[in-house]
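Heads up, the thing below is written out as structure tokens.
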Amino acid sequence: MNEMLRIACVSRRFGGIQAVRDCNISVQSGSITGLIGPNGSGKTTLFNLITGVYSPDEGEILFEGKTITNLPPSRICHGGLSRTFQITRLFWEMTALENMIVPIRQVGFRSLLGPDMFRNEIDRAMGLLERVGLTHLKDEPARKLSFGQQKLLEFAAILMADPKMVMLDEPAGGVNPTMIRFIMDLIRDLNKEGVTFLVVEHNMGVVMELCDHVIVLDQGTKLAEGSPEMIQTNPAVLDAYLGT
Ligand SMILES: Nc1ncnc2c1ncn2[C@@H]1O[C@H](COP(=O)(O)OP(=O)(O)O)[C@@H](O)[C@H]1O
Ligand SMILES: [Mg+2]
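What follows is the structure, given as structure tokens:
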């Protein structure tokens, strides 16, 4: 397997807090890689650094062997790397269907939209809404969807960009077991179709069942990595969790 994403010696500080410290992480192409760690260990900051929301103080981030350090988020998304947010970001007054179309425009894809292109975009959005089981809600404003449906909508919306790699920040957080199962199946199916995943998740059952490789962060740096089985029995990992 090839390396899709590399985080090399990356650090980022916020005032007196060293949120990410000399972090080295590699995500293999075609994998479902889990990123776990206690609250405040730097997982979301790392996502923000990878997707260009923040710039690292030090270090470099490479996507498919090319540096994306300091690129703006739109360029990174355009390059094939998309993410969801721990707190779902949608346009609450817009319909589910509009939420599928608007982000891709903002990112600057297909800026020269003719009527045919627009038709294609809607068809594609409808296909993805069907895939996540939200077709019947396409004309509802996003705020009317359940929490789990909002997460699915955000997930579907980032797929509009046809990403090579998707980063999910707590996809199972606050979601009922049936919906968790649905989201896991969706991730697995997309993975079989060639999408690489980096998943932050607190639900260990989900991480252990879904991921083929797990990276553990503690205090902003990598504490351990390995197969789910190895991670579950690693004393340093157990310490980091029990110690907090
Ligand atoms: N924008 C920010 N400003 C100040 N501190 C931040 C900011 N973002 C994250 N932090 C701090 O960085 C540390 C890591 O946070 P975060 O990356 O959200 O952890 P996790 O997602 O693993 O829970 C925490 O101490 C958090 O308070
Ligand atoms: Mg977080």
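Numbering (my numbering), first residue to last: 603 to 846.
Note that beta-carbon positions come from the ideal geometry of N, C-alpha and C, so glycine has one too.
*Cβ atoms of P674 and G654: under 8 Å apart, would you say?*
Position 52 of the sequence shown, counting from 1, holds the residue named residue 654. Position 72 of the sequence shown, counting from 1, holds the residue named residue 674. Against a cut-off of 8 Å, the Cβ pair of P674 and G654 comes out as a contact.
*In terms of residue numbering, what span does the alpha helix (DSSP H) encompassing I789 cover?*
As a first step, residue 789 is located in the sequence shown; it is residue number 187 there, counting from the start. Taken as a continuous stretch (DSSP letters only), the alpha helix (DSSP H) holding I789 covers P779 to K794.
*Start and end of the alpha helix (DSSP H) containing H804?*
The residue you call residue 804 lines up with position 202 of the sequence shown. Here H804 belongs to no alpha helix (DSSP H), and DSSP marks it neither H nor E.
*Just curious, the alpha helix (DSSP H) that F649 is in, first and last residue?*
Position 47 of the sequence shown, counted from the first residue, corresponds to residue 649. Start and end: K645 to I652.
*Specify the secondary structure class of D841 as computed by DSSP and reduced to three states.*
The residue labelled residue 841 in the question sits at position 239 within the sequence shown. Helix, per DSSP.
*asked:* If you follow the alpha helix (DSSP H) that H680 is in, where does it begin and where does it stop?
replied: As a working note, residue 680 is residue 78 in the sequence shown. Looking at the DSSP string, the run of the alpha helix (DSSP H) that includes H680 is P675 to H680.
_Suppose contacts are defined by Cβ-Cβ distances below 8 Å. Is K549 in contact with T697 by that definition?_
As shown, the chain starts at 603 and ends at 846. That puts residue 549 outside it, with no answer to give.
*Compute the minimum distance between the beta carbon of I619 and the heavy atoms of ligand 1, and state whether it is under 7 Å.*
For this step, residue 619 is matched to residue 17 along the sequence shown. It does: the Cβ of I619 is within 7 Å (strictly closer) of some heavy atom of ligand 1.
*asked:* With three or more beta-carbon pairs closer than 8 Å as the criterion, would you say the region 821-832 touches the region 787-804?
replied: no
*asked:* In whole angstroms, give me the CA-to-CA distance for F784 and N672.
replied: Residue numbering aside, residue 784 sits at position 182 when the sequence shown is read from its first letter. Residue numbering aside, residue 672 sits at position 70 when the sequence shown is read from its first letter. C-alpha separation (whole angstroms): 35 Å.
*Under 8 Å between C-beta atoms of V733 and A759*: One-based indexing of the sequence shown puts residue 733 at position 131. One-based indexing of the sequence shown puts residue 759 at position 157. In the sequence as displayed, the identity of residue 733 is Arg instead of Val. Result no, Cβ atoms of R733 and A759 do not sit closer than 8 Å.
*F665: CB within 7 Å of a non-hydrogen atom of ligand 1*: Start at 1 with the first residue of the sequence shown, and residue 665 comes out as number 63. Every heavy atom of ligand 1 is 7 Å or more from the Cβ of F665, so no.
*Please indicate yes or no: does the CB of K645 lie closer than 7 Å to some heavy atom of ligand 2?*
What you label residue 645 is simply residue 43 of the sequence shown in a count that begins at 1. Checking the Cβ of K645 against ligand 2 gives yes.
*asked:* Using only CA atoms, which one of G776, N701 and M781 lies nearest to R745?
replied: Locating residue 745 in the sequence shown gives position 143, counting from the first residue. R745 has its Cα closest to that of N701, out of G776, N701 and M781.
_Residues in the same chain with beta-carbon distance under 6 Å from I782, minus the five sequence neighbours each way, listed in chain order, please._
Translated into the one-based positions of the sequence shown, residue 782 becomes position 180. The answer, listed in chain order, is A774.
*For L739, name the three-state secondary structure that DSSP assigns.*
Within the sequence shown, residue 739 is the residue found at index 137, counting from 1. Helix at L739.
*Helix, strand or coil at E732 according to DSSP, with G and I counted as helix*: Here residue 732 is taken as the residue at index 130 of the sequence shown, counted from 1. Three-state DSSP puts E732 in a helix.
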